[in-house]
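Peer 1:
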Amino acid sequence: MKNTPLLKNIIEGQKESVLSKSVTSNFSTGNSKYTTGTMKHIYHGEINKRGKAVGYHHESMMGGKIIPGTEKKPDKNGVYMAKVEVESVKKIADSSFFPREWNRADVLKAIDEAYHTRKQVRSNKYRGITSTGIKIEMYLNNDGTIATAYPLYKK
7 MKNTPLLKNI
17 IEGQKESVLS
27 KSVTSNFSTG
37 NSKYTTGTMK
47 HIYHGEINKR
57 GKAVGYHHES
67 MMGGKIIPGT
77 EKKPDKNGVY
87 MAKVEVESVK
97 KIADSSFFPR
107 EWNRADVLKA
117 IDEAYHTRKQ
127 VRSNKYRGIT
137 STGIKIEMYL
147 NNDGTIATAY
157 PLYKK
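Numbering (our numbering), first residue to last: 7 to 161.
See below:
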């Protein structure tokens, strides 16, 4: 069977669905490293308690938006930076983004790899590396779940 764009989208959608179900089913057993808050923060961005835009590290179909003309050229791993806004609020710091061609399942797989290779940087701040060489910085909650994770951009 020829690999058409439609077939590729269906396959990617199913992979993403299976991973999402796996991650979500782990919520109920208490075994997940992710919370629904983590997912929102990474995929959509959010406005924190201080009214600041935070998060947004993967271009998904909804959520934050990249401010036109602010995107930096991807590094050798496909990680790129851009200024963004979330819910019409401009984020102060640039956001680093997971490679554009990745789907949500790819992002979770990379974060999972980095989680297992993590080294502590500060109290709740860690860095890990994926099998493809992308360094990911993450903050963990007191219970060990991931509060946020984002790729580090190499100039």
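Ideal placement from N, C-alpha and C gives every residue a C-beta, glycine not left out.
So, under 8 Å CB-CB, M144 and T136 are touching, yes? Tell me the CB distance rounded to an integer number of Å.
Peer 2: 12 Å between Cβ atoms; not a contact.
Peer 1: So, at 7 Å on beta carbons, what are the nonlocal neighbours of S102 in its own chain, with the 5 sequence-adjacent residues on each side left out?
Peer 2: The residues are H63, V85, M87, Y156, P157, L158, Y159.
Peer 1: For Y121, does the three-state DSSP call read helix, strand or coil?
Peer 2: Residue state, collapsed to three classes: helix.
Peer 1: Could you tell me which of I53, A59, Y121, Y132 sits nearest to D5, measuring between CA atoms?
Peer 2: Any question about residue 5 goes unanswered here, given that the chain covers just 7 to 161.
Peer 1: Out of R110, F104, G75, S66, point me to the one whose CA is closest to V92's CA.
Peer 2: Cα-wise, what sits closest to V92 is S66.
Peer 1: Compare the C-alpha of I48 against each of I140, E77, I117 and name the closest.
Peer 2: Cα-wise, what sits closest to I48 is I117.
Peer 1: Among all the DSSP beta bridges, which residues are the ones paired with I53?
Peer 2: For I53, which the question treats as bridged, DSSP gives the partners A59.
Peer 1: Please report the residue range of the beta strand (DSSP E) in which F103 lies.
Peer 2: That run of the beta strand (DSSP E) goes 101–103.
Peer 1: Can you name the residues that DSSP bridges to Y145?
Peer 2: For Y145, which the question treats as bridged, DSSP gives the partners K131, T154.
Peer 1: Can you check DSSP and say which residues form a bridge with A88?
Peer 2: DSSP output for A88 lists S101 as bridge partner(s).
Peer 1: Who are the Cβ neighbours of I140 in its own chain at under 7 Å, not counting the five residues just before and after it?
Peer 2: Here the set comprises N83, V85, A116, P157.
Peer 1: Buried or exposed: N148, going by 16 or more other Cβ atoms within 10 Å of its Cβ?
Peer 2: By the 10 Å Cβ count, N148 comes out exposed.
Peer 1: Using 9 Å as the threshold, is the C-beta distance between I152 and T76 below it?
Peer 2: Contact: no.
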